[in-house]
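Down below is the structure, laid out as structure tokens.
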Amino acid sequence: MSTSKAQILIDTNRTIAPISPLLFGGFAEHMGRCIYEGIYDPKSPQADERGFRKDVMEALRDQTYTTIRYPGGNFLSGYDWLNGVGPRDQRPRQRELAWQSLETNQFGTNEFMEFCRSIDAAPMLGVNMGTGTIQAAADLVEYCNVSHGTKWSDLRIKHGVQDPHNVRYWCVGNEMDGPWQIGHLDAVSYANKALEAAKMMKWQDPTIQTILCGSSNDQMPTYPEWDRTALEIAWEHMDYLSMHYYAGNRKEDTASFLASAVLFERFVDSLEGTLRYVKAKRRSKHDIYLSWDEWQVWYKGDPVQGKWEEAPHLAEEIYNLEDALVVAQWLNVFLRKSHVLKIACVAQIVNVISWLHTRPDGLLKHPSYYAFKLVSNHARGDALDVHVKAPALETKEYDAVPTLDVSASYNAETDEGAVFLVNRSQTESVPTDLVWQDGQGLAIDKAWQLAGSDPKAVNSWESPKQITAKSISVPTVENGRATINLPPLSFTVLTTCPS
Ligand code: AHR
Numbered sequence: 166m167s168t169s170k171a172q173i174l175i176d177t178n179r180t181i182a183p184i185s186p187l188l189f190g191g192f193a194e195h196m197g198r199c200i201y202e203g204i205y206d207p208k209s210p211q212a213d214e215r216g217f218r219k220d221v222m223e224a225l226r227d228q229t230y231t232t233i234r235y236p237g238g239n240f241l242s243g244y245d246w247l248n249g250v251g252p253r254d255q256r257p258r259q260r261e262l263a264w265q266s267l268e269t270n271q272f273g274t275n276e277f278m279e280f281c282r283s284i285d286a287a288p289m290l291g292v293n294m295g296t297g298t299i300q301a302a303a304d305l306v307e308y309c310n311v312s313h314g315t316k317w318s319d320l321r322i323k324h325g326v327q328d329p330h331n332v333r334y335w336c337v338g339n340e341m342d343g344p345w346q347i348g349h350l351d352a353v354s355y356a357n358k359a360l361e362a363a364k365m366m367k368w369q370d371p372t373i374q375t376i377l378c379g380s381s382n383d384q385m386p387t388y389p390e391w392d393r394t395a396l397e398i399a400w401e402h403m404d405y406l407s408m409h410y411y412a413g414n415r416k417e418d419t420a421s422f423l424a425s426a427v428l429f430e431r432f433v434d435s436l437e438g439t440l441r442y443v444k445a446k447r448r449s450k451h452d453i454y455l456s457w458d459e460w461q462v463w464y465k466g467d468p469v470q471g472k473w474e475e476a477p478h479l480a481e482e483i484y485n486l487e488d489a490l491v492v493a494q495w496l497n498v499f500l501r502k503s504h505v506l507k508i509a510c511v512a513q514i515v516n517v518i519s520w521l522h523t524r525p526d527g528l529l530k531h532p533s534y535y536a537f538k539l540v541s542n543h544a545r546g547d548a549l550d551v552h553v554k555a556p557a558l559e560t561k562e563y564d565a566v567p568t569l570d571v572s573a574s575y576n577a578e579t580d581e582g583a584v585f586l587v588n589r590s591q592t593e594s595v596p597t598d599l600v601w602q603d604g605q606g607l608a609i610d611k612a613w614q615l616a617g618s619d620p621k622a623v624n625s626w627e628s629p630k631q632i633t634a635k636s637i638s639v640p641t642v643e644n645g646r647a648t649i650n651l652p653p654l655s656f657t658v659l660t661t662c663p664s
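The opening position of the sequence shown corresponds to residue 166 in this note's numbering, with each subsequent residue numbered one higher.
Written as structure tokens, this is what we have:
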């Protein structure tokens, strides 16, 4: 069945902002099987000589992650980084309180840096603002970023790492507004501590960029007051405000779930307003941008407490088609908000709340893996302010929303572009006219689609390719116009080049 037509108006001069490469980041936490059995799995036939999983690294490289945030998460707020460096046989086995698991410390800061280099991603480190001191935070910057000749840089060299890691992005704590956080603080206490930590960290290395903890989600009772308060105190010492959000189809209302982009945009809009307010109030010339450094679908209710086991199976969410279509919209929102959103990290990159699952001898990719890969590989240059005229779809949560959720990019240097289109309808295909208002000399060179008839369809070990991104026939462009029929429950990506 098809519904009335849609029209997408694109003009490569109508730009929003350059797309920050750091929007295609990931998050790796010492939680469940993300680090152990995900990244580091020396007993696996897939392990290289360092114990890193080759199949996982290949999949991550295919997704072209630009940055990886580490080591947590809630784990961060009880972590002493010194336990994770130096000779492996001298590192402590510990009870890890955030996830009630057993931490062996066999993977720590230097292994993480090695891993980042292997997948060509920039490291983003967190410093502990729960049990940690501002001194320990500054010491870690010295350990990582000072070349030699000081206590902590020389310790790094003694640990076999001659060259500094030059870590540029630093999260000053994690979700410090949450009562679940080890060492949770109120906004004023946190911001004062974060400011002093950031001051010392930047004295160690003035080139670093710091990320202030914002609200853990938009339902926190302290949201958005937490953000305003923390920003007002720490403004001049911070470069980004973090935001976290986990989406879910908790009410079994797929129509509303498939309109989640509305909520994502509102969240960004509110925090953008908060940033503008604080900047004005402080009469500041300094700018702070948003870092959505935890985002993902997460609601299916797997255990999150590890019963003091090593690498327990925690939050190993199985993602289906509707989850992938929400991920695609999330990425559309990143592009549409690229003037204020500069960093984003999907939580997490493997096994835990992840679209990649390992077993000793294999790797399973869930549908949303392909949605991310398409956008991270093709959104380049500037985000475009696309005008969408699409039939409306009624939802319980958000009233009427456009059936299509769309973003686009254009790289003026290469004259190449991309259009990302989600059809949220569960039943109707949408014939869509694409109009490049300035694109007389343009062609579509490739087209892919991730689609299915059942929103709950999944990939499994037995049937791993049920839902993947498939190449589809390329619509012809004539005089800057093309028509494509977008099936229900689909994500379509078109790339353009000069004709
Ligand atoms: O990513 C899993 C957890 O979710 C993180 O540790 C925490 O920051 C968030 O609540």
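We put the CB at the ideal spot given by N, CA and C, even for glycine.
As the structure is a computational prediction, the values presented were derived from the model and not from experiment.
For the options C281, T315, L241, A557, the alpha carbon positioned closest to that of N293 is the one of L241. Between the beta-carbon of V600 and that of V584 there is about 11 angstroms, and that puts the pair past the 8 angstroms contact cut. Non-local C-beta neighbours of A647 in its own chain, meaning closer than 7 angstroms and more than five positions away in sequence, comprise L599, I609, P640, T641, ordered along the chain. Secondary-structure assignment with DSSP links W613 through a beta bridge to S636, V658.
About 6 angstroms separates the Cβ atoms of V221 and L528, confirming a contact at the 8 angstroms cut-off. The way I'd put it, the stretch 357-366 doesn't touch the stretch 382-390; fewer than three beta-carbon pairs between them come closer than 8 angstroms.
A536 and W460 have their C-alpha atoms spaced approximately 14 angstroms apart. Going by C-alpha positions, N497 is about 17 angstroms away from L651. Sixteen is the threshold: when 16 or more other Cβ atoms of the shown chains lie within 10 Å of the Cβ of R218, as they do, the residue is buried. Remark: the C-beta of A512 is in contact range of the ligand AHR, defined as less than 7 angstroms to any heavy atom.
Taken in chain order, the complete beta strand (DSSP E) segments of 3 residues or longer contained in the stretch 272-355 are 287-292, 334-337.
T568 is the residue among A577, G606, T568 whose C-alpha sits nearest the C-alpha of S594. Going by beta carbons, S590 and P532 fall outside the 8 angstroms limit. Under the Cβ criterion (8 angstroms, minimum of three pairs), the stretch 329-340 counts as touching the stretch 372-380.
In the DSSP assignment, V540 falls within the unbroken alpha helix (DSSP H) covering 532-543. In the three-state reduction of the DSSP assignment, H522 falls in the strand class, which pools E and B. C-alpha of P288 to C-alpha of S574: approximately 26 angstroms in a straight line.
Judged by beta-carbon spacing, Y454 lies within the 8 angstroms limit of Y405, meaning their Cβ atoms are closer than that value. Residue state for Y442 is assigned as helix, using DSSP reduced to three classes. DSSP lists E459 as the beta-bridge partner residues of H409. Set against 7 angstroms, the gap from the CB of E481 to the closest heavy atom of the ligand AHR is not smaller. With a cutoff of 8 angstroms on beta-carbon distance, P257 and N248 are scored as near each other. Between T372 and the set N516, D351, H402, S354, the nearest pair of CA atoms involves H402.
Segment contact: the stretch 183-201 against the stretch 503-515, three or more CB-CB distances shorter than 8 angstroms; contact assigned. Comparing C-alpha distances from L506 to each of I347, D452, Q228, G617 shows the shortest one belongs to D452. With contacts defined by Cβ atoms closer than 8 angstroms, N382 and Y464 do not form a contacting pair. Non-local beta-carbon contacts of Y442 in its own chain, meaning distances under 8 angstroms to residues more than five positions away in sequence, involve R393 in chain order. Looking only at E487, S503, S380, P210, the smallest Cα-Cα distance to D619 is reached by E487. Distance from the C-beta of I376 to the nearest heavy atom of the ligand AHR is not below 7 angstroms. Residue range 390-399 is occupied by the alpha helix (DSSP H) that includes T394. In the structure shown, N644 adopts coil according to DSSP, grouped into three states.
Secondary structure note for E261: its beta strand (DSSP E) is the uninterrupted segment 259-261. About 7 angstroms separates the CB atoms of E276 and Y205; that is less than 8 angstroms, so the two are in contact.
Annotation: A395 to A363 spans about 13 angstroms, alpha carbon to alpha carbon. A Cβ-Cβ separation of about 6 angstroms places G295 in contact with G243 under the 8 angstroms criterion. Distances between the C-beta of S456 and the heavy atoms of the ligand AHR are all 7 angstroms or more.
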